[in-house]
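Here the structure is laid out as C-alpha cells; the discussion comes afterwards.
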Amino acid sequence: MKKANQTLGEFIIENQKSFKYTSGELSRLINSIRLAAKVVNHEVNKAGLVDITGNAGETNVQGEDQQKLDVYANERFIQTLINREIVCGIASEENDDYITIQGQNEAHDNKYVVLMDPLDGSSNIDVNVSVGTIFSIYRRKSPVGQPVEIDDFLQPGNQQVAAGYIIYGTSTMLVYTTGHGVNGFTLNPAIGTYYLSHPNMQFPKEGNIYSINEGNYVHFPQGVKDYIKYCQAEVESDNRPYTSRYIGSLVSDFHRNMIKGGIYMYPKTAKAPQGKLRLLYECNPMAFIAEQAGGKASDGYQRILDIQPTKLHERVPFFCGTQSMVNKAEEFMANYKND
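This is the structure:
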C-alpha cells in the first residue's frame, strides 16, 4: 500500500528484509545511486546555460562520439560508488574495461558489482529531450577478499539482484526493482527528496503503441517488417492501427510504454547484424524491470534474461514491453528464424 509522502529512503528501509541478502549493503548501494542521480540531474537541468552540451571530442569503446554529459555522468556515478566503498567492481558502457575497487584497507570485501549506462539518449540532450541513467546490480561470483573477475560481470540477467533507471524529464523519476515488483519515485527538486509516486508499476494487459526507428525500415529483418505492417493495419475489432511513438531514448520510450502499454523494438539490421543495444548495460536491466512489471523482453526468439553474455560490450536485438505485443512480434520473427 502506498503511504502518503513516503520517501525513497523510508521505502528502502521498510523493504530491506525482502532483499535476498539483508546485510544493508544493497540498501546503501541504492542510496548511493540516488545521490549520484541527483548530482547528474542538477547538471542536466543546466544544459544550455553552461558549456555541458555537445561533443566531448572523444569516442567510447563502442565507437560512438561521447557527449560532454556522457563523460560527466560517467565520472559522477563511478566516483560516488568508489567513495562510498560499497561495490567491488563497476562496468560502464563508456569504459573499455571493468573497474576493480578496493577499500581503504586494501581489502576487496564488498559483495556487489554495478553495470550501467550513465546517460542513455545523450545525443538528445542538445535538443532538450528526456535522457536517463540505467543501472544493474549483481552479487559477485568470485570469493570475497580478492579482486573481482570478468565472470562477476558476465552473468545472465536472471541473476540480477536489482535494476533500475532514472529518467531526467519534465520531472525526475527513479524507477527500480529488487525482484519484488517495480516502484517509481519522483524527485521534489525544492528539497532534493524522492517520494513514492508510482507504487507497483505494471504494464497494461494490452497496448497500442509501437516504438521503433522506422528510418531503418529497409534494413530490418522481414519478420520485423511484417510486424510493423501488422501494427499499421486498420482492424477496428483489434484496436489497430497502433500508434507509432519513438523518442530515441530507451529510458523514455520504455517508461512511456510501461505506463500506457506498448512495445519497444531495436532489432538487428543489415548494418548491425548483432543488434545495437548492449546486453549488460541496457537490455538486462530493462528486461528485469519489464518482467517484474508484468511485461516481457526478448531478442525476438528467446528471453533476454536467459542469455549468457560472453563479453562486456555484447550487443543483442531487443523487443520489450507489453507481454501480448512482444508475443505477437515473436510470432512474426519465428516465420523467418533462419534469415
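Numbering (the UniProt record's numbering), first residue to last: 1 to 339. Glycine residues also receive a C-beta, built at the ideal position from the N, C-alpha and C atoms.
DSSP, reduced to helix, strand and coil, places Ile-90 within a strand of the structure shown. Taking each of Arg-140, His-255 and Tyr-242 in turn and checking the Cα distance to Phe-185, the smallest one comes out for His-255.
For Asp-226, the enclosing alpha helix (DSSP H) stretches over residues 222 to 232. In the three-state scheme derived from DSSP, where H, G and I count as helix and E and B as strand, Asn-338 is classed as coil. A Cβ-Cβ distance of about 18 Å is found for the pair Asn-158 and Leu-312, leaving them out of contact under the 8 Å criterion.
Under the three-pair Cβ rule at 8 Å, the region 159 to 168 counts as touching the region 131 to 150.
By DSSP's assignment, Met-325 forms no beta bridge with any residue. Linking Leu-277 to Ile-228 through their CA atoms gives a straight-line distance of about 20 Å. Asn-31 and Asn-335 have their C-alpha atoms spaced approximately 46 Å apart. Under the criterion of beta carbons closer than 8 Å, Ala-329 and Met-258 do not qualify as touching, at roughly 17 Å. For Lys-205, the closest of Val-39, Val-40, Asn-15 and Asn-327 by C-alpha to C-alpha distance is Asn-327. The alpha-carbon separation between Ser-136 and Val-113 amounts to approximately 8 Å. With contacts defined by Cβ atoms closer than 8 Å, Ser-244 and Tyr-210 form a contacting pair.
Boundaries of the alpha helix (DSSP H) harbouring Lys-68: 68 to 84, taken from the DSSP string. By the neighbour-count criterion, in which 16 or more other beta carbons inside 10 Å mark a residue as buried, Ala-36 falls on the buried side.
Rounded to whole angstroms, the separation of the alpha carbons of Gln-222 and Phe-332 is 9 Å. About 16 Å separates the Cβ atoms of Gly-207 and Met-286, ruling out a contact at the 8 Å cut-off. CA-to-CA, the gap between Thr-80 and Lys-38 works out to about 11 Å.
In the three-state reduction of the DSSP assignment, Pro-118 falls in the strand class, which pools E and B. DSSP, read as helix, strand or coil, puts Tyr-138 in strand. Leaving aside the five residues that flank Tyr-98 on each side, the residues in its chain whose CB is nearer than 6 Å to its CB run, in chain order, Gly-89, Ala-91 and Phe-153. For Ser-27, the uninterrupted alpha helix (DSSP H) segment begins and ends at 25 to 44. DSSP places Ala-290 in the helix class (H, G or I) of the three-state scheme. Residue burial is scored here from C-beta neighbours: Val-144 has fewer than 16 other C-beta atoms within 10 angstroms and is therefore classed as exposed. Shortest Cα-Cα distance from Asp-226 to any of Thr-193, Glu-214 and Ser-237 involves Glu-214. In this structure, the beta-carbon distance from Gln-202 to Ala-270 does not fall below 8 Å.
Where Leu-250 is concerned, there is no enclosing beta strand (DSSP E), although the alpha helix (DSSP H) around it starts and stops at 250 to 260. If you look at Gly-9, you'll find it isn't in any beta strand (DSSP E); it sits in the alpha helix (DSSP H) that goes 8 to 14.
Rounded to the nearest angstrom, the gap between the Cα atoms of Arg-84 and Ser-18 is 23 Å. In the three-state scheme derived from DSSP, where H, G and I count as helix and E and B as strand, Gly-157 is classed as helix. Per DSSP, the unbroken beta strand (DSSP E) holding Lys-296 starts and ends at 296 to 298.
The residue among Pro-267, Pro-273 and Asn-110 with its C-alpha nearest the C-alpha of Ala-297 is Pro-267.
Scanning Asn-284, Ile-212 and Tyr-242 for the CA closest to the CA of Tyr-230 turns up Tyr-242.
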